[in-house]
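These notes concern the structure reproduced below.
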């Protein structure tokens with residue numbers, strides 16, 4: 283038996299990926315490897331929060347820089363596009379970053395293979411983020427095909443598993459899953475804007491607030507401040 | 283009609299991707315966008331050759347840095363692993379970089395979507411590189427599933443197309459295809475090692491030499507020097 287991690291979690295420092303850390307730690311019986319992307323996002327506070335969450339789990343924390351702002355096209359990376367406020371509905375949001383989760387999963391599969399890890403966990407959610415194509419079950423299933431065909435491990439019949447345990451959960455479900463596992467929700471950051479405190483009006487802040495409200499608890503990230 | 287490129291070619295500066303540039307230019311009737319990855323490869327001479335090839339085609343050349351050496355695991359990025367010499371056979375080579383083509387294709391799909399391009403071209407080849415899982419038709423087909431499910435374009439029924447026109451070609455076929463289209467083969471670089479001239483003994487040099495020999499022509503990259 284080896285002492286290192288067997289699972290990798292793509293950790294943004296937000297609520298969903300932090301709950302994924304708890305689920306992966308529970309499944310593996312030990313700290314997962316945490317992988318965070320520095321992709322030119324405006325909300326760089328994310329990176330500090332990811333480090334805090336990884337520290338809580340005593341996880342090794344790997345930060346990989348990928349400059350997607352080079353091709354712009356999203357409100358999260360292109361300063362010329364405003365972050366929208368006022369709620370999510372219809373269509374694909376301007377906060378969609380082209381191929382973001384494809385890039386994240388591809389890198390995660392590479393790290394998992396190089397480090398001989400068994401699984402990659404991603405906190406995508408098709409309920410609240412139905413507008414993002416790469417948060418849907420069809421996309422995750424397609425990427426399982428990539429793991430099965432494009433990697434040594436896959437060819438050998440033992441592909442790196444891709445886990446998306448929150449894909450069908452509501453934000454309130456996720457809050458409850460986190461509370462039940464004592465996830466460090468007070469360390470998480472969801473806001474899309476780049477301020478020192480959550481703005482309270484962007485889509486991510488609104489979804490988060492609704493999740494805690496529906497779960498019937500206060501958001502510890504707000505009360506702790 | 284727009285004046286910009288409609289196709290993107292993943293360009294390493296080697297023989298295969300340079301012939302892909304010719305094929306994409308021919309299909310589109312104009313210069314494709316060239317996308318090169320700086321992924322911590324030892325053979326950094328590649329990057330200069332890619333720039334030379336892109337210049338030949340008067341293509342816009344985008345270089346995206348992704349530091350895969352952070353997770354090591356390949357002779358092409360990890361200084362602790364020797365580049366093998368003496369021919370390819372059996373098994374998956376140590377020059378395999380975990381998930382490399384997955385990462386390249388994911389980034390290429392992101393750039394293609396952000397820039398409203400119609401197709402991504404990759405010079406993978408299953409004949410001479412049968413040991414690389416991510417050079418096989420099954421892998422390319424799996425990634426088409428990612429383009430179809432994980433992108434705005436795909437959801438709208440108009441996915442970015444992935445072209446792998448050399449997947450079934452021998453190295454001699456590729457040389458002939460290039461010669462027929464006046465591809466700038468004299469500007470290309472294949473050697474895996476980091477010297478100023480091709481080493482002549484690594485797998486890539488041996489495959490290249492055999493291709494030119496079978497096609498019955500001298501390698502212009504050697505004769506031009």
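Chains as they are written, first to last, in our numbering: chain A, 283 to 507; chain B, 283 to 507. Ideal Cβ positions, reconstructed from N, Cα and C, are used throughout, including at glycine.
query = Out of curiosity, what's the CA-to-CA distance linking residue 396 of chain A and residue 416 of chain A?
reply = So the two alpha carbons sit approximately 25 Å from each other.
request  = Please state if the CB of residue 309 of chain A and the CB of residue 401 of chain A are separated by a distance shorter than 9 Å.
outcome  = Residue 309 of chain A sits close to residue 401 of chain A, with the two beta carbons spaced by under 9 Å.
query = What residues of chain B sit near residue 318 of chain A, judged by a beta carbon separation below 7 Å?
reply = Identification of chain B residues near residue 318 of chain A by a Cβ-Cβ cut-off of 7 Å yields none; the smallest Cβ-Cβ distance measures about 12 Å.
task = At 4 residues or longer, and completely inside the stretch 445-485 of chain B: list those alpha helix (DSSP H) runs for me, N to C.
result = Qualifying alpha helix (DSSP H) stretches, in chain order: 453-462.
query = Taking the alpha-carbon positions, what's the residue 304 of chain B to residue 422 of chain B distance?
reply = Cα to Cα, the separation comes out at about 20 Å.
query = Given that residue 290 of chain B touches chain A, what residues does it touch there, using C-beta distances under 9 Å?
reply = The premise fails here: residue 290 of chain B is roughly 11 Å from chain A at the closest Cβ pair, so nothing lies under 9 Å.
Neighbourhood of residue 479 of chain A by C-beta distance below 6 Å, restricted to the same chain and skipping five residues each side = Counting only Cβ-Cβ distances below 6 Å, and skipping sequence neighbours, we find nothing.
message = Please report whether the beta-carbon of residue 293 of chain A lies at a distance below 9 Å from any beta-carbon of chain B.
response = Chain B, which has no Cβ nearer than 9 Å to the Cβ of residue 293 of chain A, makes this no.
query = For residue 444 of chain B, which residues in chain A fall below 9 Å Cβ to Cβ?
reply = The contacting residues do not exist; residue 444 of chain B stays about 12 Å from chain A at best.
Environment of residue 340 of chain A [buried if 16+ CB atoms lie within 10 Å] = Residue 340 of chain A comes out exposed.
request  = Assign residue 328 of chain B to one of two classes, buried (16 or more other C-beta atoms within 10 Å of its C-beta) or exposed (fewer than that).
outcome  = Label assigned to residue 328 of chain B: buried.
Rounded distance between the beta-carbons of residue 456 of chain A and residue 301 of chain A, thought under 8 Å = Contact between residue 301 of chain A and residue 456 of chain A holds: CB atoms are separated by about 5 Å, below the 8 Å threshold.
ask   = Which partner residues does residue 399 of chain B have in the DSSP bridge list?
value = None; residue 399 of chain B has no bridge partner.
task = State yes or no: is the beta carbon of residue 384 of chain A nearer than 9 Å to at least one beta carbon in chain B?
result = By this cut-off, residue 384 of chain A is an interface position.
query = So, does the CB of residue 323 of chain A fall closer than 9 Å to a CB anywhere in chain B?
reply = No Cβ of chain B is located within less than 9 Å of the beta carbon of residue 323 of chain A.
query = Where does the unbroken beta strand (DSSP E) through residue 319 of chain B begin, and where does it stop?
reply = According to the DSSP assignment, residue 319 of chain B belongs to the beta strand (DSSP E) that extends over 315-320.
key: Alpha-carbon spacing of residue 497 of chain B relative to residue 386 of chain A, whole angstroms   = Each residue's Cα considered, the two are about 41 Å apart.
query = Is it right to say residue 392 of chain A is buried, meaning 16 or more other beta carbons lie within 10 angstroms of its own, or is it exposed?
reply = By the neighbour-count rule (16 or more Cβ atoms within 10 Å), residue 392 of chain A is buried.
query = Buried or exposed: residue 407 of chain B, going by 16 or more other Cβ atoms within 10 Å of its Cβ?
reply = Burial of residue 407 of chain B is indicated by the presence of at least 16 other C-beta atoms within 10 angstroms of its C-beta.
ask   = Quick one: what's got a C-beta closer than 7 Å to residue 333 of chain B's C-beta in the same chain, skipping five residues either side?
value = 343, listed in sequence order.
query = Within the present structure, is the beta-carbon of residue 340 of chain B separated from the nearest heavy atom of the ligand NAD by less than 8 Å?
reply = The ligand NAD is not part of the structure shown, which contains no ligands of any sort.
request  = Give the residues of chain A in contact with residue 388 of chain B, contact being defined as C-beta atoms less than 7 Å apart.
outcome  = Under the 7 Å cutoff, chain A gives 381, 384, 385, 388.
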